[in-house]
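Position one of the sequence shown corresponds to residue 1383 (my numbering), numbered consecutively onward.
Every residue, glycine too, gets a C-beta built ideally from N, C-alpha and C.
Predicted, not measured: the structure shown is a model, and the values here were computed from it.
In what follows, a structure is listed as structure tokens, so that the remarks can point back to it.
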Amino acid sequence: MIFCISESGENMPRISSPVAIIIPARYGSSRFLGKPLAMITGRTMINRVWSLARAVSDVDEVCIATDDERIAEHVRSFGGAVVTTPKECTNGTERVLKAAQMLSTTPAVVVNLQGDAVLTPPWVIAALIDEMRRDPTVEIATAAVRMDKRSYHALRTAKGHGEVGGTTVTFDRRWNALYFSKSIIPFMRNDGPDNDSDPLPVFRHIGLYAYRYETLCQYISFESGPLERSEKLEQLRALEHGIPVRVVEVDYGGRTHWAVDSPDDLKRVEAIIGKEGDLVAA
């Protein structure tokens, strides 16, 4: 069990409160053993993600959280900060919280950047942090990209072939999430607007999160509910327990969103980097 201590005397963090980007990295993935150490065009995956996080301005700390000494030793070799978290952590979110508790200064805002998110532009990460600073009432923020007709039809075709990947999100007029789903929501009865220039109301969710420290503590203490267990989506736990999740629309600037789930994805990512250019400085 993880115990959380709130910052005394402060109901809301100040704008200048510390921000930490924490990157969970586990060696023993069942689908891809040793994934953080896999090479992508001359650099390891974890080094690439760390470099993306380091490119975000006005961040107080970038730290990698791992349960494996091989990863920790590699991170130290390129000058990264690393904390060793217990192997008993059940998921990346729990690992991120444990790492936040081990930092010398407790961050007010914790960003969970997945260790396989090698194509995440730094400005996308910054957008979540900006929203947390802009509105101190936001407890959790996450990112989403509006889909165009091409990407919508591609996702719909993939779903029709039985693929599970790809999460969509709907939200209210304040941009607070209503629901996340592995199905495509909302259902498009007429296949979208007739005019190709009209935007679709379909947003693909990006698995990137910013939390208030106290909210992250609270979230981890909750049990999973039937929606989370059904969809296998952790973020539904917040909604089921009444914690609003602010959706931030982000723009990849024409770049491709892709994560590495299997060894086959490495070639795809390398091809994208070769075509679109490298987000990581040499």
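In the DSSP assignment, what are the bridge partners of residue i?
| i | result |
| --- | --- |
| residue 1629 | 1524 |
| residue 1446 | 1405, 1464 |
| residue 1473 | DSSP output for residue 1473 lists no bridge partner at all. |
| residue 1587 | 1526 |
| residue 1572 | Residue 1572 is not bridged to any residue. |
Measuring only the C-alpha atoms, how far is residue i from residue j?
| i | j | result |
| --- | --- | --- |
| residue 1595 | residue 1572 | 43 Å |
| residue 1633 | residue 1511 | 15 Å |
| residue 1638 | residue 1458 | 30 Å |
| residue 1527 | residue 1454 | 33 Å |
| residue 1478 | residue 1621 | 20 Å |
| residue 1410 | residue 1513 | 34 Å |
| residue 1400 | residue 1480 | 17 Å |
| residue 1441 | residue 1494 | 13 Å |
| residue 1452 | residue 1588 | 28 Å |
| residue 1651 | residue 1530 | 22 Å |
| residue 1476 | residue 1628 | 20 Å |
| residue 1562 | residue 1426 | 31 Å |
| residue 1520 | residue 1663 | 32 Å |
| residue 1636 | residue 1602 | 35 Å |
| residue 1618 | residue 1404 | 21 Å |
| residue 1386 | residue 1484 | Summary for residue 1386: the model assigns pLDDT 49, below 50, so the residue's position carries little reliability, and this model does not support an answer. |
| residue 1580 | residue 1447 | 42 Å |
| residue 1506 | residue 1435 | 10 Å |
| residue 1486 | residue 1456 | 22 Å |
| residue 1470 | residue 1444 | 23 Å |
| residue 1437 | residue 1523 | 20 Å |
| residue 1439 | residue 1497 | 19 Å |
| residue 1482 | residue 1600 | 14 Å |
| residue 1648 | residue 1460 | 21 Å |
| residue 1541 | residue 1613 | 14 Å |
| residue 1408 | residue 1626 | 29 Å |
| residue 1661 | residue 1419 | 18 Å |
Would you call residue i buried or exposed, if buried means 16 or more other Cβ atoms sit within 10 Å of its Cβ?
| i | result |
| --- | --- |
| residue 1583 | exposed |
| residue 1449 | buried |
| residue 1421 | exposed |
| residue 1417 | buried |
| residue 1665 | There is simply no residue 1665 to check, as the chain begins at 1383 and stops at 1664 in what is shown. |
| residue 1473 | exposed |
| residue 1509 | buried |
| residue 1462 | buried |
| residue 1669 | The question about residue 1669 has no answer, for the chain in this structure spans 1383 to 1664. |
| residue 1556 | exposed |
| residue 1598 | buried |
| residue 1539 | exposed |
| residue 1433 | buried |
| residue 1516 | exposed |
| residue 1615 | buried |
| residue 1645 | exposed |
Hey, out of the options, whose CA is closest to residue i's CA?
| i | options | result |
| --- | --- | --- |
| residue 1624 | 1560, 1448, 1480 | 1560 |
| residue 1518 | 1494, 1495, 1593 | 1593 |
| residue 1413 | 1635, 1643, 1655 | 1643 |
| residue 1431 | 1640, 1656, 1658 | 1640 |
| residue 1567 | 1427, 1586, 1581 | 1586 |
| residue 1406 | 1656, 1661, 1659, 1590 | 1590 |
| residue 1564 | 1550, 1570, 1554, 1558 | 1550 |
| residue 1525 | 1630, 1423, 1647 | 1630 |
| residue 1655 | 1542, 1428, 1424, 1419 | 1424 |
Using a Cβ-Cβ distance cut-off of 8 Å, determine whether residue i contacts chain C.
| i | result |
| --- | --- |
| residue 1627 | Going by chain labels, chain C is absent from the structure shown, which holds only one protein chain. |
Original post:
Hey, is the stretch 1496-1505 in contact with the stretch 1593-1610, meaning 3+ C-beta pairs nearer than 8 Å?
Top reply: no
Original post:
Three or more C-beta pairs closer than 8 Å, one from the stretch 1480-1496 and one from the stretch 1546-1558: is that the case here?
Top reply: no
Subject >> Contact between the stretch 1535-1542 and the stretch 1458-1473 (3+ Cβ pairs under 8 Å) >> reply: no
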